[in-house]
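Reading the sequence shown from the start, the letters are residues 1 to 286 in UniProt numbering. The C-beta atom is built at its ideal place from N, Cα and C for all residues, glycine as well. Since the model is a prediction, treat every value here as computed from it, not as a measurement. For reference, the structure discussed in these notes is given below.
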Amino acid sequence: MGEKITVATVQARKGGPPLTMVTAYDTVMATIADRAGVDLILVGDSVADNVLGFSDTLSATVEIMIHHTAAVARARPRAMIIGDMPWLSYHISLEESVRNAGRLIREGQAEAVKLEGGRKRLPVIEALLAAEIPVMGHLGLTPQSVRVMGGYRVQGRRLEAARALVEDARALAAAGVFAIVLEGVPTIVARAITRLVPVPTIGIGAGPHCDGQVLVFHDLLGWHLDRRKAKFVRQYARLGEAAVSALQSFFADVRSGAFPSEGESYRMEEEEERAFEALLNELEGG
């Protein structure tokens with residue numbers, strides 16, 4: 001299994017070898033990812049749309065995030081566990097932000113938290129770090145800002161927007177975040193940020209030059225049946241289709257009587273079975 005991944009481990013990976021991160025939501029997913037050798041498990045607020053059926057991430061609550069983070073933690077992975085801070089959990093006051101992050105650490109057993117946004121989040125980041133809570137940043141396409149952005153759009157395509165992203169990244173690194181997720185930004189911008197900041201960058205739709213990459217468990221394994229795949233997702237399996245096929249086979253065996261077989265059923269001891277059959281004959285005869 002190797003040694004437990006920590007903040008120090010992540011920081012030491014700046015410049016390589018590349019970090020691997022997967023977004024997962026429960027004990028089974030965490031066990032599978034950890035067995036495969038993942039470095040970081042992000043319990044994302046995308047649980048809202050990937051698992052719970054909401055249309056976006058905004059419906060995730062602190063309670064939901066604690067529930068799913070704790071489920072991941074129960075796998076006791078070697079990987080570091082990062083709990084996503086959901087929308088409105090760090091927007092109202094510094095006191096409430098620290099309390100919510102602390103709940104993710106204490107009740108959810110997260111080992112760090114992630115929050116979205118650039119320089120405007122510096123007071124929150126500083127407050128969390130003062131409370132000894134490690135923080136991962138998130139820049140670019142920030143899903144909690146979907147209403148403001150007018151949809152899930154690539155960010156930083158224009159010069160001034162790209163400059164702002166670079167300045168945000170530098171500010172987050174200077175404030176003390178241990179890593180930064182870069183989502184939905186042009187390759188050249190992600191490459192520049194990766195060169196200019198001293199902390200690891202982890203890309204999702206940000207090209208190949210980041211210090212690591214992350215994809216959602218459901219996306220890379222093809223769990224969704226009818227969802228349009230994002231350009232940056234490479235699908236390594238089609239488990240959703242495989243699951244449908246497996247269930248169809250099960251239903252067919254039930255309908256035909258092929259399941260369960262004798263080998264999949266339990267028996268009484270032979271003497272007890274004969275006695276029970278005699279009792280049954282009496283009951284039926286009576």
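Alpha-carbon spacing of residue i relative to residue j, whole angstroms
| i | j | result |
| --- | --- | --- |
| Asp219 | Arg228 | 10 Å |
| Ala130 | Gly102 | 12 Å |
| Phe178 | His224 | 32 Å |
| Ile204 | Arg99 | 29 Å |
| Ser46 | Gln235 | 18 Å |
| Arg74 | Ala278 | 49 Å |
| Val154 | Leu104 | 29 Å |
| Asp168 | Pro208 | 21 Å |
| Ile5 | Ser245 | 37 Å |
| Arg255 | Val233 | 38 Å |
| Gln144 | Ile125 | 17 Å |
| residue 290 | Met29 | Because the chain is modelled from 1 through 286, residue 290 falls outside the range shown and cannot be assessed. |
| Pro18 | Val148 | 32 Å |
| Val22 | Thr31 | 12 Å |
| Leu58 | Asp39 | 27 Å |
| Val189 | Ser93 | 32 Å |
| Ala127 | Arg121 | 10 Å |
| Arg238 | Glu272 | 48 Å |
| Arg76 | Gly222 | 25 Å |
| Leu42 | Ile81 | 6 Å |
| Gln109 | Glu284 | 58 Å |
| Val197 | Leu159 | 19 Å |
| Glu241 | Arg195 | 41 Å |
| Gly117 | Ala171 | 11 Å |
| Val62 | Thr69 | 10 Å |
| Ala173 | Ala206 | 18 Å |
| Asp226 | Met268 | 47 Å |
| Ala79 | Glu3 | 9 Å |
| Leu247 | Asp253 | 10 Å |
| Gly257 | Met65 | 43 Å |
| residue 319 | Ala230 | A question about residue 319 goes unanswered here, because the residues of the chain that appear run from 1 up to 286. |
For residue i, three-class secondary structure by DSSP
| i | result |
| --- | --- |
| residue 307 | Because residue 307 is not part of the residues shown, which for the chain are 1 to 286, the question remains open. |
| Gly212 | strand |
| Met21 | strand |
| Val197 | coil |
| residue 313 | Residue 313 cannot be examined here, being either before or after the span of the chain that is shown, 1 to 286. |
| Gly203 | strand |
| Gly285 | helix |
| Pro143 | helix |
| His224 | coil |
| Leu52 | coil |
| Ala127 | helix |
| Ala230 | coil |
| Glu132 | coil |
| Ser46 | coil |
| Ser59 | helix |
| Arg153 | coil |
| Phe259 | coil |
| Arg267 | coil |
Beta strand (DSSP E) segment containing residue i, residue limits
| i | result |
| --- | --- |
| Met136 | Val135 to Gly140 |
| Glu183 | Ala179 to Glu183 |
| Val43 | Leu40 to Val43 |
Range of the contiguous alpha helix (DSSP H) that encloses residue i
| i | result |
| --- | --- |
| Glu167 | Leu159 to Ala175 |
| Met29 | Thr27 to Ala36 |
| Ala73 | Val62 to Ala73 |
| Phe250 | Leu239 to Ser256 |
Any non-hydrogen atom of the ligand MN within 7 Å of residue i CB
| i | result |
| --- | --- |
| Glu132 | Ligands in the displayed structure: none, and consequently the ligand MN is not present. |
**Request:** Note down, one range per segment and in chain order, each beta strand (DSSP E) of at least 3 residues found wholly within the region 76-124.
**Result:** 80-84 and 112-114
**Asked** Would you call the region 13-20 and the region 83-96 touching, i.e. three or more CB-CB distances under 8 Å?
**Response** no
**Asked** Counting Cβ pairs, one atom from each stretch, are 3 or more of them under 8 Å apart for the region 106-114 and the region 161-172?
**Response** no
**Asked** So does the region 123-141 actually touch the region 49-60, counting three or more Cβ pairs closer than 8 Å?
**Response** no
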